[in-house]
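Order-wise, the sequence lines are chains G and V.
Quick note on the numbering used here: the first sequence kicks off at 507 and runs consecutively.
Quick note on the numbering used here: the second sequence kicks off at 150 and runs consecutively.
For reference, the structure discussed in these notes is given below.
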Amino acid sequence: MRLPLIFMACSAWLSATSAWAADRSLSVTIYADDLALVQDRRDIEVKEGRQRIEFTEVSGQIRPETVSLAAADISIIEQNFDFDLLTPAKLMEKAVGQEITIVRVNPATGAETREQAQVLATNGGVVLKIGQRIEVLRDDGLPVRVIFSKVPDNLRARPTLSVSIIGARAGTRRATLSYLTPGLGWKADYVALYNESDAKIDVQGWVTLTNSSGTTYDNAQTLLVAGSPSLADGAANNYRPPARRSTLQVPGTESGNRERLGDYYLYPLAERTTIANLQTKQVSFLDVHGVPAEHGYEFRNRWLGTAEMPVSAKSIYSFSTSAHAGLGDQLPAGILRFYMRDKRGDPQFIGESRIDHTPMGSTLSLTTGDAFDVKVHAVVEKRTRIATFDWQTDMRYELTNALPRSVVVKLRQEGLWGDSSIKTESQKSTRPSAEVAEWAVTVPANGKTTLTASFETRY
Amino acid sequence: MLGLAIAAAPQAASVLAAEILAEPPSDLIVTVYRAPYRNGGSIDLDDLQGFALISETRTVHLPAGRSRLRFEGVADGIEPASAIVTGFPGGVIEKNRDARLLSPAALVASTLGKPVELLRTIRKTGKTERLTGTLLSDAEGGVVFKSAQGIEALRCSGLPETFSFEPVSGLSARPTLSVEVRSPGAQTRQVTLSYLSRGFDWAADYSATLSDDGKSVDLGAWVTLANSNGVGFPSAHTQVVAGTVNRESGEEEVEPIDIGGPILAQCWPRGSTSDVPMMIMANGGRSRDEFRANAPAPMAMHAASLQEVVVTGAKKVQQEQLGDLKLYRVPERTTLASRQSKQVRLMDRSRIPVYTVYGAEVDVDEDDADSVPAHRLLRTKNTAANHLGLALPSGSVAVFGLGGGQRLLEHESGLRDIAVDEDVEINMGESPDVQVTAKKEKVSIDPAHADTLPLVPGVSLRSVKIGAAHRVAISNARPTDVQFELRLQLEAGARVVRADHALGAKNGRPIFRLKVPANNTVTIRYQVAHTGDRILRTP
């Protein structure tokens, strides 16, 4: 009772050549912003004339508009990316109007009865025409196997790229398929161990690669690009996150010996690697010991306002990326995690900070968190109107330190808009910008320092 | 034949790394950090927002050359990017975290396009038919199978059907971290793996007992820590860290993980003639976006329900300084089991002098309002003289008092991180016995008609331009005198110029501190002037 249709269907299916993945060479270039360029070289078997070539094992998130295929002596007619997925329901839906084989299984004896049926409809239930009768499939709940003779051409288990080409001559040749895909990304992760006794840090840098593209890239030559090329199509992102504390104090002016692409730095992985689907992979790129680091405190009062409670100052660590007394490398964007040894000598996590792409020779100043023992209480003592557009604000800052050593807090009063000047102050300030006044306040061990300043603001 | 179209990838032929399994941890250190953005209050056992640093010491037996070392049994909440492995002389080539777990769905996915056996049993006879074929699809959970007999869908016939798979590699039972290392020769080493993991939290839970006279409290506290991971940490050095540490990795930074699922054998529409028609679903083609949206969701940590609560004995945690944080060490090794919350004694202090203050805030510019109950506060200072003088990590505080001869809960509130020498304020809720009624008594444009309350010291007659007179009545229905603080909220530039009670200042704002006698009412009257001149302008 085997149908001749099966063989017909199979030959139709085979008319599409599958790009055989055996002799394959992959190279993957991953940008920092969830974007990768995949270059896939494989041998393809080309016949003379028109044919379709299917590429499996491509990224499940391939951007089909970026696909390009290059091989000798072929011309491309069209490229298709099929993402209609093969499911039992789709299989039945596409079989409407066609013949299927049903096998009734007698529950008492297990005996099989085969019949040919035509699928009339699949709306809510499957309606079949068997001979001259109409039946609903498995309406009585008895077992019925349904056998399809073929899978419709464009139903796939996985999204599949197919290219229709005309071959100028038959034969095997090397083809290069390249495309862009999201789902692959990387960032840097840094581990910094701060040694309190000599104020030095050891820093290790790792690139962290993640693959959620749905495909495994076997034995790929991998290149990481520290930069995010902007996407032309609709991906223009006008959203700017709220201003964060700037980590880059002084931008560096030194050049490293890393390879570059335009203005981006390149980080090639030393060995070919397999990037499995849903894998997070880390490869080391930086290991520096004994870099001098400075620990300090910073408090930012965003405007001339009162806090009801004392607020913790930020704990700040700063260091250089210079070749002299620094990390001696440019740093790709990522997260830097600080550790410090406890009394038993075990490293403990003390906070993390995000850094942007940082040129060599820069000074970085990173927050690890709030200082438990160093707090600042900012209070508006008095606000007086001198004239209609002229106000005087008397501020008092109480800095407390519950540590057994004295600390210096960099106190920044921000939000000095308009024509702001300081009339009187208990300690000399500096003005890094018109909107900011800054004091370096020393707070004695287990003690307290009060700073007062009177601001006149005209606008 | 059809298998060609869904071509199998070549097995990773290049890397001939020996696969080595590290021994289970011989030593464990667990340091629990609080939820970074919680400022006071208890932990939520259903959704632990904190994290932990876990350090495991493991023994590994390395062969010469390159090998892939697997660490099984790491916490499910591991943040793989934070993993550090130390102890290898030749260094680490790469670290991997494979998030594809062994599950029925993963078995089907990894067998796609490869030979598989379909087992079909006839219920009546018990005979099993074995059918060799290929999986064509597992898309959207529907499994399509091809054999020499044709194409069929799994479990749509009503017959008992299942697959028998060939062994697959690369799927592990639990999230597994692996590192590729190179060793100059065969050796046995102790290596340390440390990583950050989600699904932990801790808070301090204080309980304060007020003395009979309400003038002192006994304060005790527990450290409550919890682990919602599926992995336990037996006999670990355990500590907790107080203070706010900066965290940058947000939710979007969670590395993808496929926690697996069952084989969903979805069929074609299975309605029968006896079904009541409901709604016809338009079943269009699935868009690519939907396909993308089907990416595995990050593992839901909060789904874990915590099963066990363990309270340990009288040994207190030891505090030490860790940079700008406070570290509390549990004195003995302890087991932090999977889905467990545990309590360790933080402190016990007795006879801490406190005083009770009632208070209210009044917005001067607000129109007449109904009377509101005053709030009640317990105040003290965190000093050694007050039998305190130690860092108080944030958490919740429950205050107990004596009522009807019993120790009863009076109020529960949150407490922030309090350093030594700071003021401590415990919120005791509202007191219906002490009511505050604020009224605007009189508005006078012409100073000649204004009431003349006593001038506030420091205010000269000439500078006074009077707007309105305000009256605040504070009634006390308690049988004892209460200490009361009335704080005023003024517009910028405004100040209180006349008042019939002594005026003070707190945080730059005017405050009246007074005693309200038992079963009595006190009225405060004050007048406010604005530094601007518009008050005198004719409307």
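Where is the CB? At the ideal position from N, CA and C, for every residue including glycine.
- Task: Would you check if the stretch 215-231 of chain V and the stretch 869-881 of chain G touch, i.e. whether three or more CB-CB distances between them fall below 8 Å?
- Result: no
- Query: List, in order along the chain, the chain V residues whose C-beta lies closer than 8 Å to that of LEU870(G)?
  - Reply: Residues of chain V passing the Cβ test: none, with the nearest at roughly 14 Å.
- Item | PHE561(G) versus PHE654(G) - alpha carbon distance | 25 Å
- According to DSSP, is VAL657(G) helix, strand or coil? coil
- Using the rule of at least 16 other Cβ atoms within 10 Å of the residue's Cβ for burial, across every protein chain shown, is SER286(V) buried or exposed? It counts as buried.
- Using the rule of at least 16 other Cβ atoms within 10 Å of the residue's Cβ for burial, across every protein chain shown, is THR956(G) buried or exposed? By the neighbour-count definition (other C-beta atoms within 10 Å, threshold 16), THR956(G) is an exposed residue.
- In the DSSP assignment, what are the bridge partners of LEU543(G)? THR535(G) and LEU686(G)
- Message: I want to verify the contact list: residues of chain G whose CB lies under 7 Å from the CB of LEU476(V), in sequence order.
- Response: ASP848 and GLN854
- Residue-chain proximity (GLN604(G), chain V), Cβ-Cβ < 8 Å: no
- Of the residues that make up the stretch 574-599 of chain G, which ones have a beta carbon closer than 9 Å to any beta carbon in chain V? PHE587, PHE589, ASP590, LEU591, LEU592, THR593, PRO594, ALA595, LYS596, LEU597, MET598 and GLU599
- Message: Closest to VAL394(V) by C-alpha separation, out of GLU243(V), VAL181(V) and ASN656(V), would be which residue?
- Response: Check the Cα spacing between VAL394(V) and each of GLU243(V), VAL181(V) and ASN656(V): the tightest is with VAL181(V).
- Does the beta-carbon of ASN668(V) have 16 or more other beta-carbons within 10 angstroms, so that it is buried, or is it exposed? It counts as exposed.
- What residue does the alpha helix (DSSP H) around SER824(G) start on, and which one ends it? DSSP places SER824(G) in no alpha helix (DSSP H) but in the uninterrupted beta strand (DSSP E) bounded by 817-826.
- Query: Below 8 Å, can you find three or more Cβ-Cβ pairs linking the stretch 256-264 of chain V to the stretch 228-243 of chain V?
  - Reply: no
- Could you check what DSSP says for ALA893(G) in three-state terms: helix, strand or coil? strand
- Query: With distances taken from CA atoms, which of THR672(V), GLU310(V) and VAL390(V) is nearest GLN470(V)?
  - Reply: When the alpha-carbon of GLN470(V) is set against those of THR672(V), GLU310(V) and VAL390(V), the nearest one is in VAL390(V).
- Buried versus exposed call for ARG964(G) [16 or more other C-beta atoms within 10 Å across all chains shown]: With a threshold of 16 other beta carbon atoms within 10 Å, ARG964(G) falls short and is exposed.
- Task: Let me know if ALA654(V) comes out buried or exposed under the rule of 16 or more other beta-carbons within 10 Å of its beta-carbon.
- Result: exposed
- Item | Cut-off 6 Å between Cβ atoms - residues of its own chain near GLY379(V), not counting five sequence neighbours on either side | ASP225 and SER487
- Give the straight-line distance between the Cα atoms of PRO383(V) and ALA248(V), rounded to the nearest whole angstrom. 24 Å
- Using a Cβ-Cβ cut-off of 8 Å, state whether ALA839(G) counts as contacting chain V. no
- Please report how far the alpha carbon of PRO570(G) lies from the alpha carbon of PHE589(G), in whole angstroms. Annotation: PRO570(G) to PHE589(G) spans about 11 Å, alpha carbon to alpha carbon.
- Query: ALA509(V) to GLN710(G), Cα distance in whole Å?
  - Reply: 54 Å
- Candidates ASN245(V), HIS560(V) and LEU602(V): which alpha carbon is nearest THR716(G)'s? ASN245(V)
- Query: Mind checking GLY796(G): buried by the 16 CB within 10 Å criterion, or exposed?
  - Reply: exposed
- Item | Proximal residues of chain C, C-beta to C-beta of GLY420(V) below 7 Å | Note that chain C does not occur in the displayed structure, where the protein chains are G and V.
- Message: Would ARG766(G) pass as an interface residue toward chain V - the criterion being a Cβ-Cβ separation below 8 Å?
- Response: no
- Query: If we count Cβ pairs, one from each stretch, closer than 8 Å, do we get three or more for the stretch 670-690 of chain G versus the stretch 639-650 of chain G?
  - Reply: no
- Run through DSSP, which three-state label would PRO480(V) get? Correct three-state label for PRO480(V): coil.
- Taking Cβ positions only, does SER960(G) come closer than 8 Å to chain V? no
- Query: Whose C-beta lies closer than 8 Å to the C-beta of ALA302(V) among residues of the same chain, with five residues either side of it excluded?
  - Reply: GLY291, VAL292, VAL293, PHE294, ALA414, CYS416 and TRP417
- Query: So, is ASN783(G) buried or exposed, given that buried needs 16 or more other C-beta atoms within 10 angstroms?
  - Reply: buried
- Below 9 Å between beta carbons is the criterion; list the residues of the stretch 626-656 of chain G that meet it against any residue of chain V, in chain order. THR628, ASN629, GLY630, GLY631, VAL632, VAL642, LEU643, ARG644, ASP645, ASP646, GLY647, LEU648, PRO649, VAL650, ARG651, VAL652, ILE653, PHE654, SER655 and LYS656
- Item | Backbone secondary structure at VAL697(G) - three-state DSSP | strand
- For a contact meaning CB atoms closer than 9 Å, what does ASN807(G) contact in chain V? What ASN807(G) touches in chain V: nothing, since even the nearest Cβ is about 13 Å away.
- Query: For GLY924(G), which residues in chain V fall below 9 Å Cβ to Cβ?
  - Reply: Simply none; closest approach about 15 Å.
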